[in-house]
Amino acid sequence: MMKGRFITLEGPEGGGKTSQTRLLFEQLRNEGFDVLLVREPGGTPIGDQIRAVLHDHTNVGMLPNTELLLFSASRGQLVGEVIRPALERGAIVLCDRYADSTYAYQGYGLGLNVNALRVITAFATGGLLPDLTFCLDLPVEEGLRRKRMAYESGASEWNRIDARDLAFHKRVHAGYHELVKRDPARWVVVDATQPFEKVAGDIRQHVDQLLASMKG
Ligand code: TYD
Numbered sequence: 001m002m003k004g005r006f007i008t009l010e011g012p013e014g015g016g017k018t019s020q021t022r023l024l025f026e027q028l029r030n031e032g033f034d035v036l037l038v039r040e041p042g043g044t045p046i047g048d049q050i051r052a053v054l055h056d057h058t059n060v061g062m063l064p065n066t067e068l069l070l071f072s073a074s075r076g077q078l079v080g081e082v083i084r085p086a087l088e089r090g091a092i093v094l095c096d097r098y099a100d101s102t103y104a105y106q107g108y109g110l111g112l113n114v115n116a117l118r119v120i121t122a123f124a125t126g127g128l129l130p131d132l133t134f135c136l137d138l139p140v141e142e143g144l145r146r147k148r149m150a151y152e153s154g155a156s157e158w159n160r161i162d163a164r165d166l167a168f169h170k171r172v173h174a175g176y177h178e179l180v181k182r183d184p185a186r187w188v189v190v191d192a193t194q195p196f197e198k199v200a201g202d203i204r205q206h207v208d209q210l211l212a213s214m215k216g
């Protein structure tokens, strides 16, 4: 039985996951919580090396199965080295993307069999599931526009996966909605076209409910 709480932020490109996760992390830390912030792929020295391979534009020949296994390998390392120990000591772990990204991007986006992905993910993570997952939802075109603007201003990268076509990103977006439908108790969908502070407020409200259950 894990003493901590595991919260993940998900969604298509450009929804502000990284900024929102960072803000939530800073708020909770300032309030004295034992809280940890990690991101995927990466979050460990080994995972960061895998991330570089995954994002490298020159890796044009990467097969979907290879991509899936690399994301899963990075995740397995992160869970074993960082997330599980933190949850065992009672921390709150915030993760900027987790296994649902694999279902959305490699499953719905690339067309790999989602049930096979579940088996591989369970193997990689030892079956660790988030307690709460946010989907920062916005129209695909708007998300890609925001991401490209952030890239052009130097605030964000434009990686091998961002560069996929609109149809891919639309399948990812629809995939997230399918995932929410399959497991509504774990998910909260937040409208990411709202002002940043409003999105943050919506997230915080649900996090507070989860943290209340921690004390109880
Ligand atoms: P990142 O720069 O972290 O993107 P974002 O800011 O959108 O989170 O890059 C992660 C990219 O990798 C992003 O395009 C989503 C993709 N991804 C997958 O395709 N599968 C996965 O399992 C994960 C974790 C990410």
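Quick note on numbering: this note's numbering labels position 149 of the sequence shown as 149, and the sequence is numbered without any gaps. Cβ atoms here follow ideal geometry from the backbone N, Cα and C, with glycine treated the same way. Only a predicted model underlies this, so the values are computations on that prediction, with no experimental measurement involved.
message = Ignoring anything shorter than 3 residues, give me the beta strand (DSSP E) runs that lie fully in the stretch 85-140, in order along the chain.
response = 92-96, 132-137
key: Reference Asp96; option with closest CA among Glu141, Phe134, Glu178   = Phe134
request  = Please name the residue or residues paired with Thr8 in a DSSP beta bridge.
outcome  = Cys95, Thr133
ask   = Exposed or buried, Val60, counting other C-beta atoms within 10 Å across all chains shown (16 or more means buried)?
value = exposed
message = For Leu68 and Ile50, what's the separation of their Cα atoms in angstroms?
response = 12 Å
key: Extent of the continuous alpha helix (DSSP H) to which Asp191 belongs   = It is not in any alpha helix (DSSP H) - Asp191 instead sits in the beta strand (DSSP E) that spans 187-191.
message = Would Gln77 and Ile120 qualify as a contact pair, given that the criterion is a beta-carbon distance under 8 Å?
response = no
ask   = Taking the alpha carbon of His55 as the point to measure from, which residue in Gly175, Ala163, Thr44, Ala200 has its own alpha carbon closest?
value = Ala163
inquiry  = Please report the distance separating the alpha-carbon of Gly201 from that of Val53.
reply    = 36 Å
ask   = So, helix, strand or coil for Arg51, using DSSP?
value = helix
message = Pop quiz: Arg5 and Ile92 are said to be a contact at Cβ under 8 Å. What is the actual Cβ separation, rounded to whole angstroms?
response = 5 Å
message = Once DSSP output is grouped into helix, strand and coil, what is the label at Val60?
response = coil
message = Once the 5 residues before and after Pro41 are set aside, which same chain residues still bring their CB inside 7 Å of it?
response = Gly47, Ile50, Arg51, Leu54, Phe71, Ser74
query = Does DSSP put Arg164 in a helix, a strand or coil?
reply = coil
message = Within 10 Å of its beta-carbon, does Lys17 have 16 or more other beta-carbons around it, so buried, or fewer, so exposed?
response = buried
key: Selection from Leu23, Leu110, Ile7 that minimises the alpha carbon distance to Arg225   = Not covered by the structure: residue 225. The range shown for the chain is 1 to 216.
ask   = Closer than 7 Å: is that where the CB of Ile161 sits relative to any heavy atom of the ligand TYD?
value = yes
ask   = Taking just the CA atoms, how far does Gly32 sit from Asp183?
value = 31 Å
request  = Name the residue from Ile203, Leu211, Leu132 whose alpha carbon lies nearest to the alpha carbon of Leu23.
outcome  = Ile203
task = May I ask you to check if the CB of Thr18 is nearer than 7 Å to at least one heavy atom of the ligand TYD?
result = yes
query = Do Val79 and Thr21 come within 8 Å of each other at the CB atom, strictly closer than that value?
reply = no
query = Is Glu157 near the ligand TYD, judged by its Cβ being under 7 Å from some heavy atom?
reply = yes
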